[in-house]
Amino acid sequence: MRLSSFVGACALVLGVPALASAQGQKFAYVNSAAILQSAPGRTEAEAQFDKDMTSMRAAVQKLSDSLNTLQEVYAKEEVSLSPAAKEARLKTLREKQADYQDRVQKMQEQAQAREAELMQPIMDNVRKVLDDIRAEGGFAFIFDVAAGSLIVSADKNLDITDRVVSKLRLAAPRAAPAAAKPAPAGPTSAPAGLNTKKPPTA
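Per UniProt numbering: the sequence shown = residues 1 to 202.
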């Protein structure tokens with residue numbers, strides 16, 4: 001499962017404020033990528049996502065196979081078709097291609113929504129732990145060194161990544177919600193084996 005959005009979300013949680021007024025304030029930093037790797041529930045969320053995507057991948061493969069068959073038949077019969085018949089067959093292929101792309105796009109949107117649903121308990125838990133540690137430690141800000149911040153050097157003693165991971169393990173997220181039955185019609189990327197079919201041109 002592609003979970004790169006998690007790091008970006010952490011950047012919003014942690015923030016990268018201007019340092020002009022930093023005098024007298026306490027700071028710390030974390031590596032959100034490392035937190036994600038160890039976050040309780042992540043492995044289970046990925047497994048559930050893969051399971052949920054099985055039917056979608058099968059549906060995409062079925063659509064792809066059907067379109068391939070039409071194209072292969074057309075290629076074999078093209079030379080014997082009249083201009084009018086050829087144009088009619090090409091029109092059918094274009095319509096099938098448009099339907100294929102539309103249905104795959106809907107599957108992708110469904111998969112993105114499912115991924116967000118599975119990740120939400122983990123994200124909520126991370127936010128809570130970060131807020132708790134910030135309050136307990138009296139930190140004004142917690143920076144994220146894995147989300148494209150402008151920090152180029154930092155005291156390793158200010159790294160509280162391990163502390164966050166330890167607390168996450170003591171406050172594991174709720175179990176991922178059961179999958180809703182997807183309509184036959186996808187992940188942040190196209191399901192495995194997906195390719196875009198283009199009808200032949202006359």
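All C-beta atoms, glycine included, are put in the ideal place defined by N, C-alpha and C.
For residue i, the residue or residues it bridges with in DSSP
| i | result |
| --- | --- |
| residue 142 | 28 |
| residue 162 | Paired residues: none, contrary to the question. |
Selection from the options that minimises the alpha carbon distance to residue i
| i | options | result |
| --- | --- | --- |
| residue 88 | 74, 100, 143 and 103 | 74 |
| residue 129 | 82, 92, 160 and 56 | 160 |
| residue 102 | 120, 64, 83 and 76 | 64 |
| residue 58 | 43, 107, 92 and 78 | 107 |
| residue 62 | 78, 82 and 96 | 96 |
| residue 51 | 37, 38 and 111 | 111 |
| residue 56 | 76, 136, 104 and 38 | 104 |
Residue j beta carbon less than 7 Å from that of residue i
| i | j | result |
| --- | --- | --- |
| residue 100 | residue 67 | yes |
| residue 31 | residue 146 | yes |
| residue 140 | residue 25 | yes |
| residue 28 | residue 158 | yes |
| residue 45 | residue 118 | yes |
| residue 127 | residue 40 | no |
| residue 125 | residue 154 | no |
Three-state secondary structure assigned by DSSP to residue i
| i | result |
| --- | --- |
| residue 196 | Bear in mind that a pLDDT of 47 at residue 196, under 50, signals an unreliable position, so the number given afterwards is only what the model happens to contain. The answer is coil: DSSP assigns residue 196 none of H, G, I, E or B. |
| residue 154 | coil |
| residue 82 | coil |
| residue 43 | helix |
| residue 171 | coil |
Whole-angstrom C-beta distance between residue j and residue i, which should lie under 8 Å
| i | j | result |
| --- | --- | --- |
| residue 133 | residue 164 | 6 Å |
Residue-chain proximity (residue i, chain B), Cβ-Cβ < 7 Å
| i | result |
| --- | --- |
| residue 123 | In the structure shown, chain B cannot be found, because there is only a single protein chain. |
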